[in-house]
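Enquirer: Quick one: the structure is below, questions incoming.
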Amino acid sequence: AIVDRHGREEGAGGTRLERGAEAQDHAGHRIAAHGIERDDGLTSLAVTLDSIRIATLALADAPTSDARETLARLRALGVETWIASGDAVGPTLRIADALGVPHDKVRHGCTPAGKAELVKALASPVLFLGDGVNDAPALAAADCGISVAGAHSAAAQTADVVIVRGGIGRLLTGMNLARSTASVTRQNLGLALVYNLAAIPFAIFGVLSPSLAALAMLASSLSVGLNSLRLTLPPATAPSSAAEGPPAKLSDAPAS
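Numbering of the sequence shown is given in my numbering, commencing with residue 1 and proceeding in unit increments.
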């Protein structure tokens, strides 16, 4: 950092300077970083040289381009969306406003254990989306934990699902696929049950020969297989209905 009109440069010699930390430059000057409270939701850091402020950094998390639309569509489907963040109240509410999440569904200053407790307190099923090491306990506690590409290894290893590309908008595709799979599974069970209930009495009383019984079983298996192939068709962008089961809870934890 250039700190005077003579263009003198100061640095911490490559030392990583974190909030509340101090370091010394080659001339013995003390360089420190201090947090600053702001009202605009930004996380600010003041850098001082021998207790004189020489720089102020204002930092903010920026939601991904598809995050607000994705959460809005989830809420339209009856999914409650929450934010659980380890950040201070200002930055957390700033993100909540950007994503359209009501303040009464926002938790700030959460510890890893606090995030997990929130997940357990919400009515099941709960889906938790997180990418930080402090999200791992909540990912493990959720009915379904989802992480994203580039997440901390602890989060990626704990999550049930990792979105490798496409952003969190792929949540909608995943929900659609999961509901379609459950629907097809129920249909297949129904088809198999109908075939068995219809054919077994005839086989027991000898009305149906072994060869015809084998054909009936083949027809049953074929219908189940063809019905399952519907899952290979291109999925819709979003789930078509939220009527199956109680509304899910989505707790979204921004990186912090």
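Glycine is no exception: its CB is placed at the ideal position from the N, C-alpha and C atoms.
Keep in mind it's a predicted model, so treat the numbers as computed, not measured.
Counting only the same chain and skipping the five closest in sequence on each side, list residues whose C-beta sits under 6 Å from that of isoleucine 146.
Expert: Taken in chain order, the residues that qualify are Leu129, Ala159, Val161.
Enquirer: Just to confirm, are threonine 43 and proline 102 a CB contact at a threshold of 8 Å?
Expert: Taking 8 Å as the Cβ cut-off, threonine 43 and proline 102 do not qualify as a contacting pair.
Enquirer: Could you check how far apart the C-beta atoms of alanine 214 and alanine 203 are, in whole angstroms? I think they sit under 8 Å.
Expert: At roughly 10 Å, the Cβ-Cβ gap does not stay under 8 Å, so alanine 214 and alanine 203 are not in contact.
Enquirer: Considering only C-alpha positions, which residue in the set Ile83, Leu57, Ser223, Thr48 is nearest to arginine 68?
Expert: Minimum Cα distance to arginine 68 is reached at Ile83.
Enquirer: Using beta carbons (cut-off 8 Å, strictly below), is leucine 177 in contact with chain B?
Expert: Looking for chain B here will not work: only one protein chain is present.
Enquirer: Using the Cα positions of threonine 185 and serine 223, report the straight-line distance between them to the nearest angstrom.
Expert: The alpha-carbon atoms of threonine 185 and serine 223 are separated by roughly 12 Å.
Enquirer: Which residue comes first and which comes last in the alpha helix (DSSP H) that contains threonine 48?
Expert: Here threonine 48 belongs to no alpha helix (DSSP H); instead the beta strand (DSSP E) covers 43-49.
Enquirer: Beta-carbon within less than 6 Å of proline 63's beta-carbon, same chain only, minus the 5 sequence neighbours each way: which residues are those?
Expert: Cβ neighbours of proline 63 beyond the five flanking positions: Ala98, Leu99.
Enquirer: Within its chain, find whatever has a CB closer than 6 Å to the CB of histidine 34; leave out the 5 residues flanking it on each side and keep chain order.
Expert: Taken in chain order, the residues that qualify are Ala46.
Enquirer: When we look at the beta-carbon of aspartate 50 and count the other beta-carbons within 10 Å, is it buried (16 or more) or exposed?
Expert: Classification for aspartate 50: exposed.
Enquirer: Is the beta carbon of lysine 115 closer than 8 Å to that of alanine 138?
Expert: Contact: yes.
Enquirer: Could you name the residues that DSSP lists as bridge partners for histidine 152?
Expert: In DSSP, histidine 152 forms no bridge with anything.
Enquirer: Beta-carbon separation of leucine 208 and alanine 199 under 8 Å?
Expert: Against a cut-off of 8 Å, the Cβ pair of alanine 199 and leucine 208 comes out as a contact.
Enquirer: Look up alanine 55 in the DSSP assignment and give the residues it is bridged to.
Expert: Alanine 55 pairs with Val47.
Enquirer: Where does glycine 86 land, buried or exposed, given buried means 16+ other C-beta within 10 angstroms?
Expert: Classification for glycine 86: buried.
Enquirer: At 4 residues or longer, what runs of the alpha helix (DSSP H) sit wholly inside the segment 121-181?
Expert: Segments of the alpha helix (DSSP H) lying fully in the segment 121-181: 136-141, 153-158.
Enquirer: Report, in whole angstroms, the separation of the C-beta atoms of valine 106 and alanine 113, which I expect to be a contact under 8 Å.
Expert: So it is not a contact: roughly 18 Å between Cβ atoms.
Enquirer: Give every residue of the same chain whose Cβ lies closer than 8 Å to the Cβ of alanine 243, excluding the five residues on either side of it in the sequence, and list them in chain order.
Expert: Only weak support exists for where alanine 243 lies, its pLDDT of 41 falling under 50; the coordinates are left without a value.
Enquirer: Between the alpha carbons of alanine 216 and proline 210, how many angstroms are there, rounded?
Expert: If I take the Cα positions, the gap works out to 10 Å.
Enquirer: Which residues does DSSP list as the beta-bridge partners of valine 106?
Expert: Its beta-bridge partners are Ile83.
Enquirer: Could you tell me if glutamate 9 is buried or exposed, where buried requires 16 or more neighbouring beta carbons within 10 angstroms of its beta carbon?
Expert: At glutamate 9, the pLDDT of 47 sits below 50, so the modelled position is not reliable; the number obtained from the coordinates is stated separately. It counts as exposed.
Enquirer: Quick one: residues in its chain with C-beta nearer than 7 Å to the C-beta of threonine 181, no 5 flanking neighbours on either side, listed in chain order?
Expert: So the list reads Leu231, once near-sequence residues are dropped.
Enquirer: Please report the distance separating the alpha-carbon of alanine 123 from that of threonine 70.
Expert: If I take the Cα positions, the gap works out to 21 Å.
Enquirer: Under 8 Å Cβ to Cβ from arginine 165, same chain only, skipping five residues before and after it: list those, please.
Expert: For arginine 165, where only same-chain residues beyond five positions count, the Cβ hits under 8 Å are Ala149.
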